[in-house]
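In what follows, a single structure is set out as structure tokens and then discussed.
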Amino acid sequence: TSRVIVHIDVDCFYAQVEMIRDPSLRDKPLDGGKMVSFLQVFCDITCGYFCVHFIINLQQSKVPITNDKQTDEYVTYPFQVTNTLQKFSPLVERLGFDENFVDVTETVEARVKSAFSPQLNGHIFPEIEIEDERHKRLACGSQIAAEIREALHSDLGITCCAGIAHNKLLAKLVAGQHKPNQQTSLLPGGVGKLMGTLKTARNIPGIGSRTFKRLQTLGISTVQELQDAPADTLQAEFGSQTAQVMQQLCRGVDPSPVTPTGPPQTISDEDSFKKCGSFQDAKKRMTGLLQSLMKRLKGDGRFPHVLRVTVRKLSASNKWTNRESRQCAIPSHLFGTQAEETISKLLDLCVVLFCKMVDVNHPFHLTLINICFAKLEARSKQSASIKNFFQNEPTSAQILKKNPTKNKDARNSSVETDFAAESCCNSDHIPCSKLNDTSSIRTLSSKQGMISSALKKEPNTTSRVRTLPSGIDPEVFSQLPPEIQKEI
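Plus 290 on top of the position in the sequence shown (first one is 1) and you've got the numbering used here.
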């Protein structure tokens, strides 16, 4: 209980960004989906008064829809929030777009040693009279949390909730006790009562839906049932380490540190929709995503090593997590060209990755497309040699494996203890306008086949293929431009 952790949760993040952009929206219910999206992505407090809730059809909401032409603020605001929080402590861990953990222990210790006599600021849980000297550190934490919230409002114009406790788990849980724009401190004696307010074990941060389903097969649904579950029963199902973590979490024990969040290792954007059933529509959506990503990449200033394309196919049994991904390494010289040319070349890569997951010669039904730049690295560290690019990327062999990568949510596969094909196209660029029909796809396949045939006829090629690192898909290798094949 010596630590003091503050959890900051921005109130209705997307709605506040829109309200800051257009103050006239402050007294109106906001429907936060993209104009092209058929789902409502967020709602604000005003929407709640109109019984408009998350994830409903836009046609049902009957409220104004914000124009989403400028979404850069959605990306930049989280970093601005983090920068403000770092004025109070270097230990700031970002959790998603709108949440942060701040370890203010050092600041609290300094204030306790001084003549500072703090009073608890905001709500307390449970609501009892405070006279115990042990709560002095918590009171200091509540004062710091109030200062943080005031700084966020004065610097950025946003409001937030705060939870103050002695670990991350409890700070996150108690922050939700009083919303919006309020804060709550958790007294050490109130841990059991707070955990008892959770409806099911699924509400414990760190226990995902898949883990919860496995718990239900053991007859465990509530927090109390998880607390009472025999250790050997949990160990038999989840293993000793995971079982131990769950037993700690359900009792409010979380020793995980606040880990400062560095620059993101991925930059991604996605488009969700009711249906994408044509190759032309898919290319149009991927082009838009690439244009958005290139703007963000320019502001980031780093170079991505990997391009990943993810699609979600319509599935009656698995509507939201039925994702499939393919990725490839990005040639280092590609970003040395003009923006339009770079986007065109990236689109070619996306098209080939897309076609490996979706048979465009047959009807298909997609509900999401995601494009991601991964393994970002400072441009100054990059070499002009494509050979050095591959040497610095030892995992590129894994990228060329045949089996598609399934997108697995860590929250759904295990307990979260810490909250948190190179250029596959032919070097001959095919304009997007000529990739609209199946005949063009056959042309692309034919060109790729010509490369494969040429490789078979070329002396010493087979020896190079035989010496490829294990795990590389020869079929994908055969589709690479000759100069990249030589470098491999």
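We treat Cβ as the ideally placed atom computed from N, Cα and C, and that holds for glycine.
Beta bridge counterpart(s) of residue i as assigned by DSSP
i, result
"N373", "Answer by DSSP bridge pairing: none, since N373 is not bridged."
"Q617", "R598"
"S444", "Note: S444 sits in no beta bridge, so no partner."
"V392", "V296 and V382"
"F593", "E667"
"K603", "L656"
Environment of residue i [buried if 16+ CB atoms lie within 10 Å]
i, result
"G782", "Shown here, the chain extends from 291 to 778; a query on residue 782 therefore has no answer."
"Q401", "Residue 401 is actually Arg in this sequence, not Gln. So R401 counts as buried."
"H236", "Within the shown structure, residues of the chain are numbered from 291 to 778, placing residue 236 beyond reach of any answer."
"T507", "exposed"
"L745", "Low confidence applies here, because L745 scores a pLDDT of 40, under 50, leaving its location unreliable and the question unanswered by this model."
"Q628", "exposed"
"S743", "Any reading at S743 needs caution, since the residue's pLDDT is 44, under 50, leaving its predicted position unreliable; the model's value is listed next. Exposed, since its Cβ has fewer than 16 Cβ neighbours within 10 Å."
"M309", "buried"
"A435", "buried"
"K462", "buried"
"V601", "buried"
"E389", "buried"
"E311", "It is worth fixing the name first, because residue 311 is Arg in this sequence and not Glu. Classification for R311: exposed."
"F369", "exposed"
"P781", "Beyond the ends of the chain as shown, which are 291 and 778, falls residue 781; an answer cannot be given."
"P319", "buried"
"S686", "In this predicted model, S686 has a pLDDT of only 39, less than 50, meaning its place in the structure is not dependable; the value taken from the coordinates is given anyway. When all chains shown are included, S686 counts as buried."
"A521", "exposed"
Integer-rounded CB distance, given that residue j should sit under 8 Å from residue i
i, j, result
"H456", "R293", "5 Å"
"D559", "I661", "6 Å"
"L505", "A491", "6 Å"
"V599", "S615", "7 Å"
"G479", "V513", "Wrong, their Cβ atoms sit about 18 Å apart, outside the cutoff."
"H595", "I620", "6 Å"
"D317", "T449", "Rounded, the Cβ-Cβ distance is 15 Å, inconsistent with contact."
"L484", "G542", "7 Å"
"L381", "P653", "L381 to P653, Cβ: 52 Å. No contact."
"R427", "V398", "5 Å"
"K565", "T501", "The pair is not a contact, with the Cβ atoms about 32 Å apart (cut-off 8 Å)."
"T577", "L637", "6 Å"
N-terminal and C-terminal residue of the beta strand (DSSP E) that residue i is part of
i, result
"H413", "H413 to F415"
"R384", "V382 to L385"
"T556", "T556 to C566"
"Q473", "Q473 to L476"
"I494", "First-last for I494: undefined, no H or E at that position."
"T657", "L656 to A668"
"C450", "C450 to A455"
Contact under 8 Å by Cβ, residue i with residue j
i, j, result
"R384", "T372", "yes"
"S379", "N411", "no"
"F415", "L476", "yes"
"V296", "V365", "no"
"I454", "Q467", "no"
"I497", "L539", "yes"
"L597", "Q617", "yes"
"F593", "F625", "yes"
"I659", "R575", "yes"
"A429", "C451", "no"
"D561", "L579", "yes"
"A572", "F644", "yes"
"I298", "I494", "no"
Span of the alpha helix (DSSP H) around residue i
i, result
"L583", "F569 to D590"
"R316", "Careful: R316 lies outside any alpha helix (DSSP H) and carries neither H nor E."
"V307", "F303 to R311"
"K458", "K458 to A465"
"R500", "S499 to T507"
"V650", "Careful: V650 lies outside any alpha helix (DSSP H) and carries neither H nor E."
"T532", "S530 to L539"
"Q514", "V513 to D518"
"L484", "V481 to G486"
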